[in-house]
Amino acid sequence: MRGLVVMIRTVTMLFLREPAAVFFTLAFPLMILLIFGAVFGNSPSPEYGGHGSVDVSIQGYIAMVIGTVTLIGLPVTLSASREFGVLRRLRATPLSAATVVAAHVAVNAAFALFGVLLLVLAAKLIYDVRLPQLPVGVAAAWSLSFVAFCAVGFLLVGLLPTARTAQAVGSAIYFPQLFLSGAALPRTMFPETLKEWTAPLPMTQSVTLLYDLWHGEGWDWPAAALLSGVALVAAALGTRFFRWE
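Mapping of the sequence shown onto this note's numbering: position 32 corresponds to residue 23, and the numbering continues sequentially without gaps.
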């Protein structure tokens, strides 16, 4: 247990030393919320099924936080640890690989959760956003989405040699999905053809799952199944390709 606590402290310091990860996890979603909230407000609109703009966008912003932490923050910090020999030195200690992985998962989950809480608090205080109708379901969907994207992040660490390449590839995976999944803009604004082309994206499924549960529509089981599949496949491949040095 003491080893895990030390690892969590170390990983936290590494995360805080990555300005991009901190900015896109804590500041960027708030900026998007404030900008689009100022432009569109949150008055009920027939275009959004009687909801306000922020009411239908907040779920995408939550997926944005998850993607930032797992596709940019986690691969960069873990790859940097390997690149600078930290993982190699840890391998010579009694710490197990499971402890190292658990520390990274715990720290990234904590930052993601903190980012989401900041986002929802700001949305409630400033725009009186509607809180989730199925909070337990939303929490479960958040957890499933985090696990799926976290597994992809670990896979990137296994496949890519340096922190710089991990950041580049993670960004290449993250940013297209950010704008095509409904995370940055509600999918109700997309033309039908674009909706069809972008439906299979994992982040689209995350946004859909969070949206449906937030508004009391229940589980979208195909979306949950796709995210579960991503988690299982990426975790299996990440375990296979993970390297200490």
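All C-beta atoms, glycine included, are put in the ideal place defined by N, C-alpha and C.
Residue i versus residue j - alpha carbon distance
i	j	result
residue 115	residue 23	15 Å
residue 191	residue 71	31 Å
residue 128	residue 209	8 Å
residue 215	residue 51	16 Å
residue 148	residue 154	8 Å
residue 14	residue 34	29 Å
residue 82	residue 31	52 Å
residue 73	residue 234	8 Å
residue 108	residue 223	27 Å
residue 124	residue 47	13 Å
residue 99	residue 10	14 Å
residue 139	residue 213	14 Å
residue 75	residue 156	15 Å
residue 1	residue 217	33 Å
residue 184	residue 202	21 Å
residue 12	residue 152	19 Å
CB contact flag (residue i, residue j, <8 Å)
i	j	result
residue 137	residue 57	yes
residue 63	residue 158	yes
residue 219	residue 54	no
residue 144	residue 61	yes
residue 179	residue 38	yes
residue 68	residue 150	no
residue 28	residue 117	yes
residue 122	residue 95	no
Close-in-space but distant-in-sequence residues of the same chain around residue i (CB under 7 Å, 5 per side omitted)
i	result
residue 97	-1
residue 90	-6, -5 and -2
residue 130	none
residue 186	178
Proximity winner among the options, relative to residue i (alpha-carbon distances)
i	options	result
residue 17	177, 102, 36 and 141	102
residue 195	205, 172, 203 and 211	172
residue 59	227, 152, 78 and 160	160
residue 225	168, 141 and 163	141
residue 134	104, 119, 93 and 113	104
Neighbourhood of residue i by C-beta distance below 8 Å, restricted to the same chain and skipping five residues each side
i	result
residue 41	35
Near the ligand FAD: residue i beta-carbon under 7 Å from a heavy atom
i	result
residue 25	This structure lacks the ligand FAD, and indeed carries no ligand of any kind.
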